[in-house]
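Q:
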Amino acid sequence: MPTWLMSLVWGTGAGAALVLGAAVSWRWSIPSKVVSTIMSFGAGVLISALAFELVDEAIKGGGLWPTVAGFLAGAVVYVGANMLLAKAGAKHRKRSGDQQPSEKDDPGSGTAIAVGALLDGVPESVVLGVGLLAGGAVSPAMLAAVFISNVPEGLSGTAGMKKAGRSRGYVFGLWGGIAILSGVAALLGYVALEDAPDELVAFITSVAAGGILAMLADTMIPEAFEEHHNLTGLTASVGFLTAFTVHHLG
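The opening position of the sequence shown corresponds to residue 607 in this note's numbering, with each subsequent residue numbered one higher.
1. Can you give me the C-alpha to C-alpha distance between S642 and R633, rounded to a whole angstrom?
2. One question on the structure: do G789 and G650 come within less than 8 Å of each other, judged by their Cβ atoms?
3. Return yes when the Cβ of V736 is within less than 8 Å of the Cβ of T811, no when it is not.
4. Between the C-alpha atoms of G627 and N756, what's the straight-line distance to the nearest angstrom?
5. How would you label D801, buried or exposed, when you count the other beta carbons within 10 angstroms and need 16 or more for buried?
6. Counting C-beta neighbours from all protein chains within 10 Å, is the total for G779 16 or more, i.e. buried, or is it exposed?
7. State the CB to CB distance for the pair A679 and G816, rounded to an integer number of angstroms; the pair is presumed to be in contact (CB under 8 Å).
8. Buried or exposed, going by whether 16 or more other CB atoms sit within 10 Å of the CB of S731?
9. Leaving out the 5 sequence neighbours to the left and right, which residues in its chain are closer than 8 Å to M748 when beta-carbon positions are compared?
10. Am I right that L822 and L652 are in contact with their C-beta atoms under 8 Å? What's the rounded C-beta distance?
11. Would you list, in sequence order, the uninterrupted alpha helix (DSSP H) runs of no fewer than 4 residues that lie entirely inside the stretch 769 to 832?
12. Please check the pair A785 and L624, which I expect to be a contact at CB under 8 Å, by giving their CB distance rounded to whole angstroms.
Take a look at the structure:
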């Protein structure tokens with residue numbers, strides 16, 4: 607299979623975990639503590655992946671300063687975009703409770719939630735494509751991290767959307783569309799940087815890492831802490847160790 611096609615397939619496959627989580631949450635009412643626990647695990651997995659698969663590899667490939675600059679840029683851009691989306695009604699897009707507004711209560715919030723969910727997923731997908739540049743194969747640890755973290759995102763976000771009165775078409779159209787765009791983002795990450803210098807690859811990789819960490823702090827960790835705070839730290843630590851183990855075995 608051509609490498610560019612692999613990036614598209616793996617990016618779409620990782621994004622499809624959002625649809626899987628959404629399907630489970632739409633079919634069954636998942637207890638809030640279960641959603642919180644899975645979200646904690648997913649947060650730990652992503653923290654490990656961005657540390658060992660993204661930042662560490664970026665420094666090795668392109669040096670310290672491109673990595674530092676990219677990481678800070680990614681965090682600033684994500685937080686700025688997230689602040690704008692929060693004002694438009696997307697602040698609680700990953701919350702499983704009654705925090706999400708309905709379209710009646712906050713017109714336009716459905717569009718904001720869709721854009722916010724896309725903002726959350728793009729950085730993860732881009733690095734899958736960029737990761738193919740080094741060895742011609744996707745990183746097992748990064749792929750596992752994105753897939754594992756996407757399942758609870760779909761679970762939690764869909765639970766909140768149901769309570770806000772969003773339709774089945776909206777929910778599955780949203781997550782299905784993001785899965786497809788995740789594949790496109792991975793493809794673009796590969797194609798756009800195929801002949802780029804190491805410093806630029808390091809910068810873009812760390813931009814994604816900074817955005818992912820900001821996303822975790824703004825959206826996933828609050829939901830993880832909401833219902834099960836006594837075990838949030840332990841569950842996140844287990845997720846971190848799981849991804850760390852996959853990284854070394856891979």
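Ideal Cβ placement from N, Cα and C applies to all residues, glycine included. None of the values given here were measured: they were computed from a predicted structure.
A: The answer reads as follows:
1. Within the sequence shown, the letter at position 36 stands for residue 642. Within the sequence shown, the letter at position 27 stands for residue 633. Put simply, the backbone Cα of S642 is about 18 Å away from that of R633.
2. For this step, residue 789 is matched to residue 183 along the sequence shown. For this step, residue 650 is matched to residue 44 along the sequence shown. Against a cut-off of 8 Å, the Cβ pair of G650 and G789 comes out as no contact.
3. Taking the sequence shown and counting its residues from 1, one reaches residue 811 at position 205. Taking the sequence shown and counting its residues from 1, one reaches residue 736 at position 130. Taking 8 Å as the Cβ cut-off, T811 and V736 qualify as a contacting pair.
4. Locating residue 627 in the sequence shown gives position 21, where the first residue counts as 1. Locating residue 756 in the sequence shown gives position 150, where the first residue counts as 1. When rounded, the distance between both Cα atoms is 7 Å.
5. In the sequence shown, residue 801 corresponds to position 195, counting from 1. Exposure of D801 is indicated by the presence of fewer than 16 other C-beta atoms within 10 angstroms of its C-beta.
6. Here residue 779 refers to the residue found at position 173 of the sequence shown. Exposure of G779 is indicated by the presence of fewer than 16 other C-beta atoms within 10 angstroms of its C-beta.
7. Start at 1 with the first residue of the sequence shown, and residue 679 comes out as number 73. Start at 1 with the first residue of the sequence shown, and residue 816 comes out as number 210. Contact flag correct, Cβ pair sits at about 7 Å.
8. To locate residue 731, count along the sequence shown from 1; it is residue 125. A buried status is given to S731, since no fewer than 16 other beta-carbon atoms sit within 10 Å of its beta-carbon.
9. Counting from one through the sequence shown, the residue named residue 748 turns up at place 142. Hits under 8 Å: A655, E659, L660, V733, L734, G737.
10. In the sequence shown, counting from the first residue as 1, residue 822 sits at position 216. In the sequence shown, counting from the first residue as 1, residue 652 sits at position 46. Cβ-Cβ separation between L822 and L652: approximately 6 Å, consistent with a contact (criterion under 8 Å).
11. The stretch 769 to 832 contains these whole alpha helix (DSSP H) runs: 774 to 798, 804 to 821.
12. Taking the first residue of the sequence shown as 1, we reach residue 785 at position 179. Taking the first residue of the sequence shown as 1, we reach residue 624 at position 18. A Cβ-Cβ separation of about 6 Å places A785 in contact with L624 under the 8 Å criterion.
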